[in-house]
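Reading through the structure tokens given below for one structure.
Residue numbers (the working numbering): 288 to 1204.
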């Protein structure tokens, strides 16, 4: 056998084994693109055709410039080129000019206007290609660099086997190409799933694209691949993997994920029924090096698991193996380690040059064998005698609402800051200086519309450095001469007056949220829903926002503080008529009707039942809309606390002073243990019903399967509750009896109607909800007038998002709506006090129906104002205590971190590592 034939045989064998391992699963679905799905058998036929195309110039091996895209043509062409034994350089689409100039490929493959195309530039290769070389890849930071990673097919097979084993990938799985195939992580997703007979959805859509979520839902996607930036995109789009019913696993690599973010998404996955698997890898190790075990992200969000099969990891420091718990540089060995780097055509003839891969990453190994990645060695810089961890610095700034990419100059820090409407460059520079421990003149700041990222979604520090060096010049605002004392933006920036106005709006919105929600830590990216706002706080917040911002959009509760403050979606209020949220008007009207009826002024019943539907509506808007079961439970408990605490406090006072209530009222169970006849102890039936209904619905939505269904189709779940509640009313339980039809089971259907009404998006949904409501009202009361009042109120709620109101009535209506709880729970005792009082002014009021009504409304309003002032005073005291520097964190871990950082500032030595590690 000739030397050339020996070379060909030694090369084709591993390539053939690799490709055959990915195409051997028969009739199982393999690739899905749009509405088209092909089986493994069909894919094998396409790979065979592609192989013929790749061998059209003869059997000799070729260097191929290959720009992969997520299509069937590209995937089968890649596998065909591999089977043909060629050396394929996977280059990000549109980035190939430098590669072609330096390496002079023999063939080019990529997508053109006419479709996928393969072009052979010459008949025989000009290159000497090593027999083991099969694949060339760029690293995540080297797409513009001549340096490539040389990989063999044995590297690919070993890493594929290790990943499949570590992640437990199985034939029933369905993956999706959310990452580029030119990126080693994205390519490994394709290989690992094809290796076990799973299927892969091919798409170039972003995770922010609603069409992608529809496509993933139809395909039954079970696994999602993510880099740290993916979670930012999911948050911005209001998406979560749990919205996909089949989702079981989300993997993350491509850079260290902030432990707080990892814990948040790990807990969300636990709530929604999927698992977050944190991983670590490098292109030089083919794809992945370590993988965390199931559920480990919740317990140890700072760790990336243990090495996968065929991979060994050793930590070294100062020329020796690091001791357990000691920080060291990661060194990797095993079958997945690359042959070496290529810097020129001559390097393509080289064999294995690396057996011990020094990654440049710093880590700590814990006693259980898990790795904690601490960052790149190059991420630690020394400026003015201080050793600064750039990654930690960026994370600290992010927690202050500053999105920045920090690099180091010779004597100063360079911060590329992402633009936002309320950005104040002077304040930003001072924040960076404070966190880094440097004087402000050591900080250079540039403002960019968006931070540069590599194809894999990692922060692109090379581009960031180039911006400061002046070798690149995108649209960037230079801000190096901002006044340190004024806090104003750079005089060369086009902002000044607009920024000041935006800053005032941001402060005003933050103060409104803090005062009305009782939250000291209001971040710019927080929304009303995210801060666990509910119906009790919605009224005051919405009205005060209108006073500051003008007319706000109807979905303002989902917008972040910074989005609201920007003013882009608000309109200046004008005219004598205002559009007021329907729930505010209904709450004000209903509470007035309740008080007037109980004071014997008028005989119009039904106000409390309207309030129940409104409560359901607000539950659907605010509480049920939380993204995870944990968040929903927290929001519900906060809301119930605002309901129960004042109620029980008032019941206690009324019992001590006036002997009005009994023990069932204290536990809100009078409808179960109280007397059968109507009396004063039954007067708080609305509070009791609302409390137990809300708890019951929360329990239902806390079931993982129900939560996943609700995340995907909330209207179906709410309608199912309506139907079940109506069936109970009409069926086995006699809930029309006057002694029970104010109990929680009897009025559950009204709450559910309001809940479903909040989710209406289409005309047929509106008609269905209205029809079910009208059907439920048939025969519910023996009082036709009462039924008509309830029907009118609920139909207005279902069909009209806002009502026109004279502007002069907005403030009193809002106050009545905001104080409705306090008016409801106190007006009975106010009436009793006036009627029994021997003091002339009070007794005269007690004799007048209108006097009793006015007193009941006034007392409840006054109590609400006092409560509001106490809350504002408490928040103000907290903020004054913090002196405006360290906002109160919203989690125990964040509080500990803030306290640690504050202590570091107080005890600052001249030389230290600026990191809590």
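Think of the CB as a built atom: it goes at the ideal place given N, C-alpha and C, for glycine as much as any other residue.
Nearest-angstrom Cα separation, counted from residue j out to residue i
| i | j | result |
| --- | --- | --- |
| residue 715 | residue 1014 | 59 Å |
| residue 868 | residue 851 | 17 Å |
| residue 1070 | residue 1043 | 26 Å |
| residue 336 | residue 384 | 28 Å |
| residue 977 | residue 1133 | 30 Å |
| residue 1074 | residue 1082 | 12 Å |
| residue 1057 | residue 1085 | 7 Å |
| residue 491 | residue 468 | 10 Å |
| residue 465 | residue 395 | 25 Å |
| residue 343 | residue 398 | 19 Å |
| residue 934 | residue 1094 | 32 Å |
| residue 799 | residue 520 | 28 Å |
| residue 1103 | residue 874 | 8 Å |
| residue 637 | residue 416 | 8 Å |
| residue 635 | residue 438 | 11 Å |
| residue 420 | residue 440 | 8 Å |
| residue 306 | residue 478 | 9 Å |
| residue 1176 | residue 534 | Bear in mind that a pLDDT of 38 at residue 1176, under 50, signals an unreliable position, so the model cannot answer this. |
| residue 973 | residue 1123 | 26 Å |
| residue 1149 | residue 981 | 28 Å |
| residue 958 | residue 450 | 58 Å |
| residue 527 | residue 607 | 44 Å |
| residue 795 | residue 686 | 20 Å |
Residue i classed as buried or exposed, judged by whether at least 16 other C-beta atoms fall within 10 angstroms
| i | result |
| --- | --- |
| residue 889 | exposed |
| residue 1040 | buried |
| residue 339 | exposed |
| residue 659 | buried |
| residue 643 | exposed |
| residue 571 | buried |
| residue 529 | buried |
| residue 1012 | buried |
| residue 919 | buried |
Where the beta strand (DSSP E) containing residue i begins and where it ends
| i | result |
| --- | --- |
| residue 567 | 562-567 |
| residue 617 | 614-621 |
| residue 604 | 598-604 |
| residue 502 | First-last for residue 502: 497-506, but that is the alpha helix (DSSP H), not the beta strand (DSSP E). |
| residue 398 | 394-399 |
| residue 351 | 350-353 |
| residue 486 | 486-488 |
| residue 705 | 700-705 |
Cβ shell of residue i (< 8 Å), same chain only, five flanking positions each side left out
| i | result |
| --- | --- |
| residue 1076 | 880, 891, 892, 893, 894, 897 |
| residue 1137 | 886, 888 |
Proximity test, residue i beta-carbon vs the ligand NAP heavy atom, cut-off 8 Å
| i | result |
| --- | --- |
| residue 714 | With respect to the ligand NAP, the structure shown offers nothing to examine, as it has no ligands at all. |
Own chain, CB closer than 7 Å to residue i, minus 5 neighbours either side, in chain order
| i | result |
| --- | --- |
| residue 722 | 680, 683, 684 |
| residue 1114 | 882, 885, 1143, 1147 |
| residue 347 | 411, 412 |
| residue 594 | 576, 577, 600 |
| residue 746 | 692, 738, 740 |
| residue 993 | 987, 1004 |
| residue 960 | 951 |
Contact belief for residue i with residue j at Cβ below 8 Å, rounded distance in angstroms
| i | j | result |
| --- | --- | --- |
| residue 907 | residue 1005 | 7 Å |
| residue 584 | residue 553 | 4 Å |
| residue 561 | residue 539 | At roughly 12 Å, the Cβ-Cβ gap does not stay under 8 Å, so residue 561 and residue 539 are not in contact. |
| residue 461 | residue 488 | 7 Å |
| residue 350 | residue 418 | With a Cβ gap of about 14 Å, residue 350 and residue 418 do not count as contacting. |
Host alpha helix (DSSP H) of residue i (start-end)
| i | result |
| --- | --- |
| residue 402 | Not the alpha helix (DSSP H): residue 402 falls in the beta strand (DSSP E), residues 402-407. |
| residue 1040 | 1031-1045 |
| residue 456 | No alpha helix (DSSP H) holds residue 456; DSSP gives it neither H nor E. |
| residue 335 | 327-341 |
| residue 535 | Per DSSP, residue 535 belongs to no alpha helix (DSSP H) and is neither H nor E. |
| residue 515 | 515-524 |
| residue 1058 | 1050-1064 |
| residue 878 | 869-885 |
| residue 359 | 359-370 |
| residue 262 | No information on residue 262 is available, as it lies outside the stretch 288 to 1204 that the chain covers here. |
Own chain residues within Cβ distance below 6 Å of residue i, not counting five before or after
| i | result |
| --- | --- |
| residue 917 | 554, 558 |
| residue 628 | 434 |
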